[in-house]
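For the sequence shown, my numbering assigns the number 510 to the last residue and increments by one with no breaks.
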Amino acid sequence: MKVGIDFGTTHTVAAVVDRGNYPVVSFDAVEAWPSLIAANAAGQLRFGLDAAAVRHAPGWSVLPSFKRLLNDAGPHTEATLAGRNYPLAELLAGYLAQFKDDLRHRSNAGLRPGEPIEAAISVPANASSAQRFLTLDAFLAAGFHVVGMLNEPSAASLEYAHRYRSTITAKREYVLIYDLGGGTFDASLLKMTGQVNEVVISEGIQRLGGDDFDEAIVKLVMSGAKLPPDAAASDPLREECAARKEAIGAQTRRFLVDLTVVDGTDRPPFACGIGDVYSACAPLVDKTIDVLSRVLHDPAPAGSGVAWSEVAGIYLVGGAGGLPLIVRMLRTAFGEKRVKRSPHPFAATAIGLAVFLDTKANFHLSEHFSRHFGVFREAEDGAGVVFDPIVPKDAALPADGRSPLVVRRTYRAAHNIGHFRFVECSRLVNGRPDGDVTPYDPVYFPFDPALYDRHDLGRQPVGRWNDGPDVEERYVVAPGGAVEVTLTAQPTGFRRTFRLERHAPAGL
Ligand SMILES: Nc1ncnc2c1ncn2[C@@H]1O[C@H](COP(=O)(O)OP(=O)(O)OP(=O)(O)O)[C@@H](O)[C@H]1O
Ligand SMILES: [Mg+2]
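This is the structure we're talking about:
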């Protein structure tokens, strides 16, 4: 089964490919799986729905919005929960494994027993290479067969294209995707021609989402109500403010917050006019408008800026865009008619991922063409991850259309096993993969001669190796873009050739 999975800061949402439809998966009748991890002092862990079930139970601590921790995480980053430290990578893999289990056993996805899951996943457009790497690795560790990793707004643009293709005209073929979720803000300008969605430019703010609106409202409440100073950090107060924020409608005039939630003490509710809430939140919306203006007015990479008159509209996805203030401010800044909200703001990304997986839908993301190819490598003794470009985006393929491009690299191995995580991406920013990133299957190669006969290198411990051999990597890029790598260790001459599977859905 083909499944688009959007791991979000607040919700994880899945949509499946079902004969030209992309239904959103329900778990216990809800179209989202809470992005929560809970733990108790005994070291028991609960994920998703099970974590939500113990959210207020005595003895349990909850880690909400843990996707935000991935922003600056490395392979050894830890998170503290109920007094214990856990490697973030393991928490995420456990979370996704439970999600997979619930997809099979607790959802209406309709998976047959043992049926493999072919997944397309997403990351914020602005995600660092470490975040992309950790996310991909966790999905693989959880047993998903990942065939594509897209930027969230690029995926949402496919949901738009699927729904509104007929409204795009030759005069206005650009669409600006405005994605404001629980934790991140992304804006992408896409050019939609025929069945091709070309990402012209992406920008974003890694830490701006509904969580920050909640925080601004908590501050407003703290300044207006006589509460103990530690109430600002209170989870129940934050949850109450978030719930009241989500209940704001276009006609709302007064804003009320129940303050007994803080510690059970009987207090009158906090009350203010909706204008005060909007004043507290407006600076955050202004930040997103600044990004939109940059995206529109910056010269595109191709050298020409895009005029607002060529843009069909701004398309809002993500739950946090539900605050009426946002549409109002965007309309004031960009015009009444051209701001539209997705009918599925929470699921647009997951639906777009499913559209991407559906070869019959025949939509293409042009980021697939002419991308950077390279490899992730551990650095700083395993504490960080760096990206080595191998074939740059603008590398010329031999003009005769038949000969391959060959690239060689040599170095001294520093580990007993080479673990190569090859990826391709649409852009490099400060040397890091950016834009949409497509993973290849991992490649393992024994540098230690004692491991030459092993066929389970992926499960062997990787360690420093002072006697490392000289290694040659020889990449052969076929005219169609397929990459083959031959690894040779000297002086033994031990050699293996790997065909790198791109795993993009057929037809792309
Ligand atoms: N009606 C509403 N008005 C304002 N905010 C809302 C509304 N409904 C939900 N939200 C907010 O939307 C956010 C969740 O949105 P969404 O599910 O799109 O995020 P996500 O995909 O989990 O996060 P991200 O994409 O940033 O990783 C929460 O902060 C929530 O409070
Ligand atoms: Mg999202």
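The beta-carbon is built from N, C-alpha and C at its ideal position, and this holds for glycine as well.
Asked, Found
"Under the rule that 16 or more other beta-carbon atoms within 10 Å means buried, what is Thr254, buried or exposed?", "exposed"
"Can you have a look at Ala235 and say buried or exposed, based on whether 16 or more other CB atoms are within 10 angstroms of its CB?", "exposed"
"Indicate, with yes or no, if ligand 2 has a heavy atom lying under 7 Å from the CB of Asp265.", "no"
"In whole angstroms, give me the CA-to-CA distance for Asp30 and Val125.", "26 Å"
"What residue does the alpha helix (DSSP H) around Leu51 start on, and which one ends it?", "51-55"
"Mind listing, in chain order, the continuous beta strand (DSSP E) runs of no fewer than 3 residues lying wholly within the stretch 303-332?", "313-319"
"Throw me the rounded Cβ distance for the Gly313 and Arg174 pair, which I believe falls under 8 Å.", "What sits at residue 313 in the sequence shown is Val, not Gly. Contact holds; Cβ gap of about 6 Å."
"Which residue comes first and which comes last in the alpha helix (DSSP H) that contains Ala284?", "276-299"
"Less than 6 Å between C-beta atoms, sequence neighbours within five positions excluded: which residues of the same chain meet that for Pro303?", "Caution is warranted here: a pLDDT of 47 is assigned to Pro303, below 50, making its placement in the model unreliable, and the coordinate value is therefore given only provisionally. Same-chain partners within the cutoff: there are none."
"What did DSSP end up calling Asn514 once you bin it into helix, strand or coil?", "The chain is shown from 3 up to 510; residue 514 falls before or after that span and cannot be answered."
"In this structure, what does DSSP give as the bridge partners for Ala273?", "Leu258"
"Any idea which residues DSSP pairs Trp467 with across the strands?", "Paired residue(s): none; Trp467 is not in a bridge."
"Assuming Tyr446 contacts Gly420 under a Cβ cut-off of 8 Å, what Cβ separation, rounded to an integer in Å, is found between them?", "7 Å"
"Hey, is Leu325 close to ligand 1, as in C-beta under 7 Å from one of its heavy atoms?", "yes"
"Comparing the CB of Lys247 with every heavy atom of ligand 1, is any distance shorter than 7 Å?", "yes"
"Just to confirm the assignment: which complete alpha helix (DSSP H) runs, minimum length 4, are found wholly within the stretch 82-161?", "90-107, 131-143"
"Given a threshold of 16 other Cβ atoms within 10 Å of its Cβ, counted over all protein chains shown, does Ser37 qualify as buried or as exposed?", "buried"
"Work out the CA separation of Arg343 and Tyr317 for me, nearest whole Å.", "6 Å"
"Pick from Val409, Phe358, Val408: whose alpha carbon is nearest that of Tyr162?", "Phe358"
"Please check the pair Phe378 and Phe135, which I expect to be a contact at CB under 8 Å, by giving their CB distance rounded to whole angstroms.", "5 Å"
"Just tell me which of Arg86, Ala121, Pro435 has its CA closest to the CA of Gly45.", "Arg86"
"Which stretch, first to last residue, makes up the beta strand (DSSP E) that contains Lys4?", "4-9"
"Rounded to whole angstroms, how far is the Cβ of Leu191 from the Cβ of Val308, which I believe are closer than 8 Å?", "6 Å"
"With DSSP as the reference, label Ala491 as helix, strand or coil.", "strand"
"Check each residue's C-beta against every heavy atom of ligand 2 and list, in chain order, those closer than 6 Å.", "Asp8, Gly10, Glu154, Gly183, Gly320, Thr351"
"For Pro231, count neighbouring C-beta atoms within 10 Å of its own C-beta (all shown protein chains included) and say buried if the count is 16 or more, exposed if not.", "exposed"
"For Arg114, does the count of other Cβ atoms within 10 angstroms reach 16, so buried, or fall short, so exposed?", "exposed"
"For Ile392, which of helix, strand or coil comes out of DSSP?", "strand"
"From Val148 to Glu117, what does the alpha carbon distance come to, in whole angstroms?", "15 Å"
"For the alpha helix (DSSP H) containing Arg1, name the first residue and the last one.", "Since the displayed the chain opens at 3 and closes at 510, residue 1 lies outside it and no answer follows."
"Give me the Cα-Cα distance between Phe101 and Arg165, rounded to the nearest whole angstrom.", "28 Å"
"The beta strand (DSSP E) spanning Ser204 covers which residue range?", "198-207"
"Should Ala282 be listed as close to ligand 1, given that the test is whether its C-beta is under 7 Å from any heavy atom?", "no"
"Would you list the one or two residues that DSSP bridges to Arg343?", "Leu318"
"So is the beta-carbon of Phe424 under 7 Å away from any non-hydrogen atom of ligand 1?", "no"
"Can you give me the start and stop residues for the beta strand (DSSP E) that Leu192 sits inside?", "187-195"
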